[in-house]
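The sequence shown: position 77 = 76 (numbering that gives the first Met the number 0), numbered continuously.
For glycine and all other residues, C-beta sits at the position ideal for the given N, C-alpha and C.
These numbers come from a predicted model, not from an experiment.
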Amino acid sequence: MTDKPPSLRERQAQLTRDEILNAARRLFAERGYARTSVRDVAQAAGVSAQTVYDSIGSKQALVMRLNDLIDDEAGVRAIAGAAAASRDPLQVAGASARITRSIVEHCGDIVHALVTGAASEPDLAVALAEGHRRHVGGARMMVELLHELGALDDSRTVDEAADTLAAVSDFRVALMLRDSYGWSLDRIEAWITQMGRALLRQP
0 MTDKPPSLRE
10 RQAQLTRDEI
20 LNAARRLFAE
30 RGYARTSVRD
40 VAQAAGVSAQ
50 TVYDSIGSKQ
60 ALVMRLNDLI
70 DDEAGVRAIA
80 GAAAASRDPL
90 QVAGASARIT
100 RSIVEHCGDI
110 VHALVTGAAS
120 EPDLAVALAE
130 GHRRHVGGAR
140 MMVELLHELG
150 ALDDSRTVDE
160 AADTLAAVSD
170 FRVALMLRDS
180 YGWSLDRIEA
190 WITQMGRALL
200 RQP
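Right, dumping it as structure tokens:
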């Protein structure tokens, strides 16, 4: 039995939500969270403020939904899924590097806004914590798969390896390497890949 395709109304509602989220993403990155109101987001999206509330919710709800937007724009699920389906330890060990590179490359503006604003804006801190939770969970999933494949270095526990992979592939580390040390995205990806492969059992 196949899922029923979305109706025209459902497709229009999703399009409206996408437009609202894209407007919020752009304004939060350009102006900052505190200087952006729901009314500003509505105007940029070409809808009423009430439509924003009805479609997504408050400004806090908007910023929380940005984690979904980041995952979608960066193709996080596709990258992780392809690595898992390959069952290739080298592909699995390098998946976190590809994900982090894609997040910084495609969503660096909003990720930077979240990171820099979290210290003074509780809503951003909550959203950043949720993004970090997803990141840590993704790194653990890759390490658990390596363990299942018998490819994880025997000298490391799953917990140790998961913590290591999550730390080196943290998007905040990638932003620091790019912005403070002048590393290119290619160099960042190569370094994270190298660190991920260091977790593998040596032949």
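A Cβ-Cβ contact shorter than 8 Å links A28 with A112. Non-local C-beta neighbours of A150 in its own chain, meaning closer than 6 Å and more than five positions away in sequence, comprise P88, L199, R200, ordered along the chain. In the structure shown, the three-state DSSP call for L148 is coil.
Nearest neighbour of L127 by Cα position, chosen from Q59, T15, Q193, R8, turns out to be Q59.
Checking the DSSP bridge columns, you'll see L199 partnered with L151. The count of Cβ pairs closer than 8 Å, one atom from the stretch 118-133 and one from the stretch 61-75, reaches three, so the stretches are in contact. The alpha-carbon of H105 is positioned some 13 Å away from that of R25. Excluding five sequence positions before and after V114, the CB atoms of its chain that fall closer than 7 Å to its own CB belong to L127, R171, L174, given in chain order. Three or more Cβ pairs closer than 8 Å define a contact, and the stretch 187-198 falls short of that threshold against the stretch 69-86.
Sequence-distant partners of V135 (beyond 5 residues in either direction) whose C-beta falls short of 8 Å from its own C-beta, in its chain, are A161, A165.
Nearest neighbour of M140 by Cα position, chosen from V75, I19, R186, turns out to be V75. By the neighbour-count criterion, in which 16 or more other beta carbons inside 10 Å mark a residue as buried, R97 falls on the buried side.
Per the coordinates, the alpha-carbon of E9 lies some 30 Å from the alpha-carbon of R132. Given a length threshold of 4 residues, each whole run of the alpha helix (DSSP H) inside the stretch 57-144 is given here in chain order: 58-73, 75-85, 88-116.
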